[in-house]
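Okay, so here's the structure we're looking at.
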Amino acid sequence: MSILYDEQQQAIADEAGRILTARTSSARLKELLEVTGQYDDVFWETCREQGWTGIGIPEDNGGIGLGLIELGLVAEACGALACGAPFLNTGFGVAQAILRYGDAATRAEWLPKLASGEAIGAIGFAEGADMVPGGPALRCTNGRLTGAKRSVAGGSAADVAVVLASGEHGPVLALVKLGQSGVTATAFETFDNSRCTADIAFDNAEAVVLDTPDALAAAQEVLSLQAVIAAHEQVGGANKMMTAARDYSLTRHAFGQPIGGFQSVKHRIAEDYVLVELARANAVQAAASFGTDTFAVNAAAARLSATEAYDTVSRDSVQVHGGIGVTWDADLHLHQRRARSLAIEQGPMVFWEDTLVDLLAGDVA
Amino acid sequence: MTTALEIYRDNAAAWLQTQIAEFGREARRGLSHEEDLALGRRWQAAKFGAGYSAITWKPEHCGQGLTALEKLAFEQEEIKHGFPNDYFGVSLGMPVPIMLRYLPDGWKQERATAALRGEEIWCQLFSEPAGGSDLAGLRTRAEQDPATGDWIINGQKLWTTWAQHSDYGVIVARTDPSVPKHKGLTYYWVDMKAPGVTVRPVRLAEGTSEVNEVFFDDVRIPDSQRLGPVGGGFGVAMETLTIERYQATDPAGFGPPLQLFIDEAKAIKIKGRPAIEDGRIRERIARTYAMQSAMGAIYERTLLSLAAGLQPGPEGAVHKLVSVRARQKLSEFAVDLKGVEGMRYDDDLTRKESWSKSWMTAPTGRIAGGADEMLLNTIAERILGLPQDHRPDKGVPFNQIPR
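Set out below in structure tokens:
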């Protein structure tokens, strides 16, 4: 797969940007910040209508085929507007886990619903700061889950989740329907409420154990897939914040000239441009290498560059804006929040640094 | 990428393999500077013989008439083996091609062939002591003798790469100080062995002398050595600088590969444990890798753009800024990691093999071709459309600019 977008891919990106700009608003996003556990249903409806929920799912399973590159382009457009919902990532992760490790019945039951967006998927691997715990506290015995997963992105909105649990013979990935009795998802307040982050408690809940040769490796692989989508969202957001700083620095005057003419300001924005370009290059390279030997390394690199870019550029953009940048009315805080929530949801920097170094140093079997 | 290009690359790689024993990194070890230059001249002749010395040049200039893609493919393979091509990069990159564009046929073909074979070297006399990034502010004068039409050059140039080995050079000089600075410049070629030309090597901090100061005392040249119109020198200089647009780059900033750092971090112990288990080391490796991998992807996209007949985007401006700065930091960190052992400085190792040598030479790489601040200005002004720096000398006749 080429890292140079073709015309069709470019058209997907342009169309996604156009539609999202028309249908989403920062006013709506700000309303969602003031309530707990509510995502942007207009955004999700748009994803469904446009078929974005079906990208990456084969046509036989109700999807529209296409791949990570196309999903990445959509994600970048979503990121630019700080719109979106965690399911863009986790729904894809759940679908890919089912595609790879689910039996025929599970695939038939869930993939068409995930592809159409009728069902929302969440991922519950982490326990505390450990993204892929080797001995999860959540137990899975005889197809029943008992225990809890805390801080699951999208947890209060999801219909189905893939969780990492301790089975009788070691870690397993289990698919669990969240609507059933015995499952309680409780959303809590975060600095980015529309992510619908929730604690999920399982009390003898019914689950399907997925057929993974190595559940920890499978979990890591799902995270890598999600990391690449997140990286594109982060690139979209970072680029938007860099552009906002640039535009503002041309209109705002001080000491008789646009502030963008001061080297301290223009160099800061130029450094931000560099971060965005590096992050974009790694994100696209990772998406294009899906299915090859270098995918895991590229996904980790993409994740690191994108997190650094989005955090740094949103921080800098507020700085360039000065006072207006820290107000509720300016939209900068939407990106400031999203930069951090995207960073945390898919695993913090130290996790991806460790992942990358293990791969590079050949310490992983 | 096209199959034809892959075949070209494979053929080039295969030919380069046959040359390693005679010209590669190991063959150069321990040579004196003069011996290395002599080897370099032979390497240049070997490339000429094999048809790899002027890949993008027109056939009438002994070129192969191929595209930037073939040239980049060849350079990417060549760069792996440490061949002695250092001395010819400037010569063949800018002065000789610009000479070929502006001079009448005949003599120039002989010079181009001699340069391609490594028999002759050209230098580029642009920079001056007082003006680093402000090329148009140069003060070297060229005055025309009304009787003969000859030009008489007086002044001093600085940072002239390989001037001590050069047979010819291209030079920009001020011919009219009464007009704004960009408009009073004229471009010439000069014989570096002509009376009145004095070359003094400048010893750099790392101990080498790749650059020189060059003095011109009443150096007389005929008007036929002028390239472009009188007063049009700035334009020719800009054209010169944009000729060599696509060059093979190295994500490691021409320092050691990250793998060397990883290998050493496995071997070095901190409190009895391999350094690679230390979080500070791991962070450094991971961040450096992410940066280098992005540079590689950007470069690949440039190649794909060229192959698709597109003009690559402006991301190339990022490369030098990021890669050399990162190399400097990583080298410093590597020297630190080795503790007292990090002091060792082995002249026999290249800057791609030794962290101390890489660290010592990194500042030169970071400044040559534009300091970080200039590159950031380029990105800010050309790519992002931000305002130019305050330039109080704009539009002012050169001789009225306060010094």
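Taken in sequence, the protein lines are chains A and C.
Using full-length UniProt numbering, you'd call the opening residue of the first sequence number 1 and step up by one each time.
Using full-length UniProt numbering, you'd call the opening residue of the second sequence number 1 and step up by one each time.
Heads up, the beta-carbon is just placed ideally off N, CA and C, and yes, glycines get one too.
Short CB-CB distance (under 9 Å) between residue i and chain C
i                      : result
GLY261 of chain A      : yes
VAL364 of chain A      : Note that VAL364 of chain A has pLDDT 47, beneath the 50 cutoff, so the model's placement of it is unreliable and the number below is only indicative. Taking Cβ atoms only, chain C never reaches closer than 9 Å to VAL364 of chain A, which makes this a no.
LEU357 of chain A      : Checking the sequence, you will find Val at residue 357 of chain A rather than Leu. With 9 Å as the cut-off, VAL357 of chain A counts as an interface residue toward chain C.
LYS266 of chain A      : yes
ARG315 of chain A      : no
VAL284 of chain A      : yes
SER2 of chain A        : yes
VAL350 of chain A      : yes
GLN257 of chain A      : yes
residue 367 of chain A : Residue 367 of chain A lies beyond the stretch modelled for chain A, which goes from 1 to 365, so this question has no answer here.
ALA343 of chain A      : no
ALA80 of chain A       : no
ALA300 of chain A      : yes
Under 8 Å from the C-beta of residue i: neighbouring residues of chain A
i                 : result
ARG287 of chain C : LEU304, GLU308 and GLU353
ILE379 of chain C : ALA270, TYR273 and VAL274
LYS266 of chain C : ALA361
Any chain A beta carbon closer than 9 Å to residue i
i                 : result
MET99 of chain C  : no
ALA68 of chain C  : no
GLY395 of chain C : no
GLY279 of chain C : yes
LEU321 of chain C : yes
SER305 of chain C : yes
SER133 of chain C : no
ASP389 of chain C : yes
DSSP-derived helix/strand/coil call for residue i
i                 : result
ALA365 of chain A : Confidence in ALA365 of chain A is poor, its pLDDT being 37 and thus under 50, which makes the residue's placement too unreliable to answer from.
ASP348 of chain C : coil
PRO59 of chain C  : helix
ILE98 of chain C  : helix
PHE191 of chain A : coil
ALA330 of chain A : coil
MET1 of chain C   : Model confidence at MET1 of chain C stands at a pLDDT of 49, short of 50, so the residue's coordinates are unreliable and nothing is read from them.
TRP352 of chain A : helix
PRO251 of chain C : coil
ALA270 of chain A : helix
GLU338 of chain C : According to the sequence as given, residue 338 of chain C is Lys; it is not Glu. Note: LYS338 of chain C maps to coil in three-state DSSP.
THR212 of chain A : coil
PRO363 of chain C : helix
ARG284 of chain C : helix
ASP130 of chain A : strand
TYR39 of chain A  : coil
SER151 of chain A : strand
PRO86 of chain A  : coil
Partner residues on chain C for residue i, Cβ-Cβ distance less than 7 Å
i                : result
ARG23 of chain A : Under the 7 Å cutoff, chain C gives no residues; its nearest Cβ is about 29 Å from ARG23 of chain A.
ALA75 of chain A : Within chain C, no residue comes near ALA75 of chain A; the closest Cβ sits about 18 Å away, beyond 7 Å.
According to DSSP, residues forming a beta bridge with residue i
i                 : result
LYS183 of chain C : For LYS183 of chain C, which the question treats as bridged, DSSP gives no partner whatsoever.
THR141 of chain A : A:ARG144
LEU164 of chain A : A:LEU173
GLY131 of chain C : C:GLU128
HIS253 of chain A : A:PRO258
TRP122 of chain C : C:TYR168
VAL197 of chain C : C:PHE216
ASP199 of chain A : A:THR186
ALA122 of chain A : A:ALA161
ASN154 of chain C : C:ARG141
Per-residue contacts from residue i into chain C (C-beta, under 8 Å)
i                 : result
SER249 of chain A : LEU386
Contact set between residue i and chain A, taken where Cβ atoms lie within less than 7 Å
i                 : result
VAL318 of chain C : VAL274 and GLU277
GLU283 of chain C : GLU353
ASP36 of chain C  : Here the premise fails: no neighbours, minimum Cβ distance about 34 Å.
ALA308 of chain C : LEU4
ILE383 of chain C : TYR273
Chain C contact residues for residue i, given Cβ-Cβ distances below 9 Å
i                 : result
LEU71 of chain A  : Those do not exist, as LEU71 of chain A stays about 18 Å from chain C at its closest Cβ, beyond 9 Å.
ALA105 of chain A : Simply none; closest approach about 41 Å.
ALA11 of chain A  : None at all; the shortest Cβ gap to chain C is about 17 Å.
### Task
Taking only beta carbons into account, state which residues of the segment 121 to 140 of chain A come closer than 7 Å to chain C, listed in chain order.
none
### Task
Residues of the segment 288 to 303 of chain C with a CB closer than 7 Å to any CB of chain A: list them in chain order, please.
TYR289, ALA290, MET291, SER293, ALA294, ALA297, ILE298, GLU300 and ARG301
### Task
Can you give me, in chain order, the residues of the segment 221 to 255 of chain A that have a beta carbon less than 8 Å from any beta carbon in chain C?
ARG246, SER249 and LEU250
### Query
For the segment 248 to 263 of chain C, which residues have a CB atom closer than 7 Å to at least one CB atom of chain A, in sequence order?
Per Cβ criterion, the list reads ILE262.
### Query
According to a CB-to-CB cut-off of less than 8 Å, which residues of the segment 81 to 96 of chain C neighbour chain A?
none
### Task
For the UniProt domain "Acyl-CoA oxidase/dehydrogenase middle" (123 to 219) of chain C, enumerate the residues whose C-beta is nearer than 8 Å to any C-beta of chain A, in chain order.
none
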